[in-house]
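Peer 1: The C-terminal residue of the sequence shown carries number 298 in UniProt numbering, and the numbering is unbroken.
C-beta: ideal position from N, C-alpha, C; glycine also.
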Amino acid sequence: MLFYALLDRAFPNSFPIKVFAVAFVGTHVPLIAVVIYALIQTGGIAAHLDVLALLLAATLTGCGGTLAGLWALLAPVRRMNGAIESLERGDSIPALPDRHRDEIGALMRLTNLMADSMLRRQQQAQTAAQTDPLTGLPNRRGFDARVPQQAPGAILFLDLDRFKRVNDTYGHAIGDDVLRQAATVISAALRREDVVARFGGEEFVIWLPGATRDTAWSTGERLRLAIAGSVRVAEQPVTASIGLALCAAEDRRETVIARADAALYAAKHRGRNRVVERCEEAGGETFAFAPGRSLRAV
1 MLFYALLDRA
11 FPNSFPIKVF
21 AVAFVGTHVP
31 LIAVVIYALI
41 QTGGIAAHLD
51 VLALLLAATL
61 TGCGGTLAGL
71 WALLAPVRRM
81 NGAIESLERG
91 DSIPALPDRH
101 RDEIGALMRL
111 TNLMADSMLR
121 RQQQAQTAAQ
131 TDPLTGLPNR
141 RGFDARVPQQ
151 APGAILFLDL
161 DRFKRVNDTY
171 GHAIGDDVLR
181 QAATVISAAL
191 RREDVVARFG
201 GEEFVIWLPG
211 ATRDTAWSTG
221 ERLRLAIAGS
231 VRVAEQPVTA
241 SIGLALCAAE
251 DRRETVIARA
261 DAALYAAKHR
271 GRNRVVERCE
281 EAGGETFAFA
291 PGRSLRAV
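This is how it looks when you write it as structure tokens:
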């Protein structure tokens with residue numbers, strides 16, 4: 001590193017110039033010295049200016065060609081530098097050539113390995129940041145990443161009824177098992193394109209892209225019945241209340257979630273274990289749904 005440090009003081013901005021300086025001193029200086037000595041011995045430099053001019057032209061041409069060759073030869077180094085800068089910014093990069101067997105080839109293979117390792121770690125960190133560790137479902141951040149800000153469809157806001165009582169009576173380990181059961185049942189009852197996320201505690205939010213009112217209602221009721229029929233604690237059924245809100249193309253995601261949350265509150269207030277819709281087009285009124293019939297909330 002000492003020799004490199006000395007050259008870096010003289011040529012701090014270019015590695016090709018450093019290499020060229022070493023090559024020039026090692027090859028051209030001895031050659032030029034021998035030629036000049038020979039000229040002096042055969043009549044002096046003044047008598048051979050044409051030879052000296054030819055030597056100078058050849059030297060300059062060789063220097064230019066050498067610099068161009070070094071610049072081209074160091075293209076892999078520049079690509080590796082660009083790749084590392086892209087990785088530092090979090091961008092993806094194309095794989096560098098790995099067929100070369102010299103030192104630069106080894107560096108490119110190591111750069112590829114480093115890039116693959118960093119990409120895997122970034123993907124793992126992103127997945128972990130967007131995943132609820134208890135249920136394996138997306139969390140709030142994962143939901144936001146998967147659901148567009150504005151798109152037609154419906155939001156279901158689902159809450160397990162009296163879940164605090166489950167934790168207080170049977171302990172948090174049993175409560176966690178109930179949450180995992182609920183997550184499995186909800187996921188199994190949805191379409192491939194639907195998105196379900198655990199927002200925290202016993203709350204789950206479901207996005208139904210492109211869903212009509214009938215589709216949203218039937219999905220909500222199917223979820224309610226599936227949970228009541230499959231999720232158990234101490235052989236007793238667990239029920240769920242569900243708030244429903246339709247999403248027009250111009251509605252923002254957070255606004256629709258807030259409407260679904262308000263409908264969920266109405267479902268809890270009306271006795272739990274039911275689906276309730278917040279109907280903005282009906283003047284902000286709330287409509288409740290009970291098994292087998294619809295009724296307007298008061």
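1) Closer than 6 Å to a non-hydrogen atom of the ligand GDP - does that hold for the CB of aspartate 161?
2) At what residues does the beta strand (DSSP E) containing valine 195 begin and finish?
3) Excluding the 5 residues preceding and the 5 following isoleucine 93 in the sequence, name in chain order all residues of the same chain whose CB lies nearer than 7 Å to its CB.
4) Where does the unbroken alpha helix (DSSP H) through serine 241 begin, and where does it stop?
5) Under 8 Å Cβ to Cβ from proline 138, same chain only, skipping five residues before and after it: list those, please.
6) With 16 other CB atoms within 10 Å as the buried threshold, where does glycine 243 fall?
7) Determine the DSSP secondary structure at valine 275, reduced to helix, strand or coil.
8) Ignoring anything shorter than 4 residues, give me the alpha helix (DSSP H) runs that lie fully in the stretch 126-161, in order along the chain.
9) Just the Cα atoms here: how many angstroms apart are leucine 2 and asparagine 13?
10) DSSP three-state call for isoleucine 206: helix, strand or coil?
11) In angstroms, rounded to a whole number, what distance separates the CA positions of proline 237 and arginine 141?
12) Quick one, are the C-beta atoms of aspartate 168 and arginine 272 less than 7 Å apart?
13) Give the range of the alpha helix (DSSP H) segment to which phenylalanine 163 is assigned.
14) Since glutamate 221 is in the alpha helix (DSSP H), which residue starts that stretch and which ends it?
Peer 2: Once the coordinates are examined:
1) Although the ligand GDP was asked about, the structure shown includes no ligands whatsoever.
2) The sequence position of residue 195 within the sequence shown is 195, counting from 1. Per DSSP, valine 195 is one residue of the beta strand (DSSP E) stretching across 195-200.
3) In the sequence shown, counting from the first residue as 1, residue 93 sits at position 93. Once the five neighbours on either side are set aside, the close Cβ partners of isoleucine 93 are Ala83, Ser86, Leu87, Ala115.
4) Residue 241 sits at position 241 when you count from the first residue of the sequence shown. Looking at the DSSP string, serine 241 is not in any alpha helix (DSSP H); the run it does join, the beta strand (DSSP E), is 240-247.
5) Residue numbering aside, residue 138 sits at position 138 when the sequence shown is read from its first letter. Spatial neighbours of proline 138 in its own chain (CB-CB distance under 8 Å, excluding positions within 5 residues in sequence) are listed in chain order as Gln130, Thr131, Asp132, Ala145, Arg146, Val195, Val196, Ala197, Arg198.
6) As a working note, residue 243 is residue 243 in the sequence shown. Buried.
7) The count along the sequence shown starts at 1 and reaches residue 275 at position 275. Valine 275: strand per DSSP, three-state reduction.
8) 140-146
9) As a working note, residue 2 is residue 2 in the sequence shown. As a working note, residue 13 is residue 13 in the sequence shown. Using only the alpha carbons, I get a separation of about 17 Å.
10) Translated into positions along the sequence shown, residue 206 becomes position 206. Note: isoleucine 206 maps to strand in three-state DSSP.
11) As a working note, residue 237 is residue 237 in the sequence shown. As a working note, residue 141 is residue 141 in the sequence shown. In a straight line, the C-alpha of proline 237 is about 30 Å away from that of arginine 141.
12) Here residue 168 refers to the residue found at position 168 of the sequence shown. Here residue 272 refers to the residue found at position 272 of the sequence shown. Going by C-beta atoms, aspartate 168 is not nearer than 7 Å to arginine 272.
13) Taking the first residue of the sequence shown as 1, we reach residue 163 at position 163. In this chain, the alpha helix (DSSP H) harbouring phenylalanine 163 covers 163-170.
14) Taking the first residue of the sequence shown as 1, we reach residue 221 at position 221. For glutamate 221, the uninterrupted alpha helix (DSSP H) run begins and ends at 213-230, by DSSP.
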